[in-house]
């Protein structure tokens, strides 16, 4: 016998439509009161309690809006800026500064009308700057040390036991190719000349060198010249080398002049910028170890001028190794700024009574050679980050300083 079918009216009046949450009833459910709270004994009672609790839940649920917290972020960022003691350069200033730096590069790279590049020093003339790979000599050169410290004289060659012939034939094949010959004094020469010069030094062109003097006489002249510079006759220093007193004094730091910069290409400048990264790092390491009187204890504004001028000679497009060198220079400057702000409470007094901005170093040098400060370091960092598009360094600077 077929089961009895439900009529259309019965289906329309059914309560299933009023229960969209649980769907249509398929499994049997116990008929219990709404206040039933005992532990279910079978599946019928369990389904009754599930359906009863489901009816109490809302049909629609609201998820949390993840964008509601954005309005509070600017306020939090403003508080962080107020709390931080180091403020990064503004974007407006960086834009103007990079624009002027690009104009400076164009003006410095283009040739000037009526001004020619000086010729390279010929044989026998002194060079105007150290070699590229002489790092210690470059430090002495930039700091204005005397020439004999960054361009020491070459040791004279050992005299050979040959005499200059009376006539040198240019086509003679057995002539020794040396630059100097010793000429013995003959008996026909005057007595006073023979006593003053026992041996004459003649170069390959037959010219007599007159710069070979008695060492004892040079030392006596130095002692007399140095004594005039001392305030008291006591504790007169013994000269270490045979140089004049004027050569041992320095006339201040050497600046990056156009004559020097025109002799440097991009690779040369990159090599020197690597030296500045090393010097700044050495300066900070000596401060951490407490060695204030180190060779790198004074970094001045002149060093910032050199870094700025060298960056203006570097090519626009660089390799990954060259970019790594510039990033190292920027990070060294950021570390220097961090050290300055860490020791900001330490006042640094210069010889003219003004306060300087160096980290824990008492500066008593030339008033014109002021210590390296935060503004100069920010210029170097801005050039590297914005001109060569290494802007991720700003994130490193903010995290390191704040």
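In full-length UniProt numbering, the protein residues as written are 1 to 402.
We put the CB at the ideal spot given by N, CA and C, even for glycine.
{"Query": "Proximity to residue 309 [Cα-Cα], best of 280, 259 and 35", "Result": "259"}
{"Query": "Cβ pair residue 281, residue 332 closer than 9 angstroms", "Result": "yes"}
{"Query": "Cβ-heavy atom distance, residue 303 to the ligand NAP, below 8 angstroms", "Result": "The ligand NAP is absent from the structure shown, which contains no ligand whatsoever."}
{"Query": "First and last residue of the uninterrupted alpha helix (DSSP H) at residue 91", "Result": "91 to 109"}
{"Query": "Whole-number beta carbon distance between residue 401 and residue 338, since they are thought to touch under 8 angstroms", "Result": "6 angstroms"}
{"Query": "Residue 265 to residue 399 span [Cα, whole Å]", "Result": "35 angstroms"}
{"Query": "Presumed contact (8 angstroms Cβ cut-off) between residue 94 and residue 386, rounded CB distance", "Result": "5 angstroms"}
{"Query": "Residues near residue 380 by beta carbon distance below 8 angstroms, same chain, minus five either side", "Result": "304, 307, 308, 311, 329, 330 and 333"}
{"Query": "Distance CB(residue 286)-CB(residue 336) smaller than 9 angstroms", "Result": "no"}
{"Query": "Cβ pair residue 33, residue 47 closer than 9 angstroms", "Result": "no"}
{"Query": "Nearest neighbour of residue 53, chosen from 269, 36 and 261 [CA to CA]", "Result": "36"}
{"Query": "Cβ of residue 314 within 9 angstroms of any chain B Cβ", "Result": "Structure shown: chain B not included; a single protein chain is present."}
{"Query": "Contiguous beta strand (DSSP E) assignments of at least 3 residues, all confined to the stretch 258 to 284", "Result": "none"}
{"Query": "Exposed unless 16 or more other CB atoms sit within 10 angstroms - verdict on residue 142", "Result": "buried"}
{"Query": "DSSP state of residue 320 mapped onto helix, strand, coil", "Result": "helix"}
{"Query": "Residue 300 - DSSP class collapsed to helix/strand/coil", "Result": "strand"}
{"Query": "Distance between beta carbons of residue 301 and residue 376, contact taken as under 8 angstroms", "Result": "6 angstroms"}
{"Query": "Pairwise C-alpha distance: residue 26 and residue 56", "Result": "21 angstroms"}
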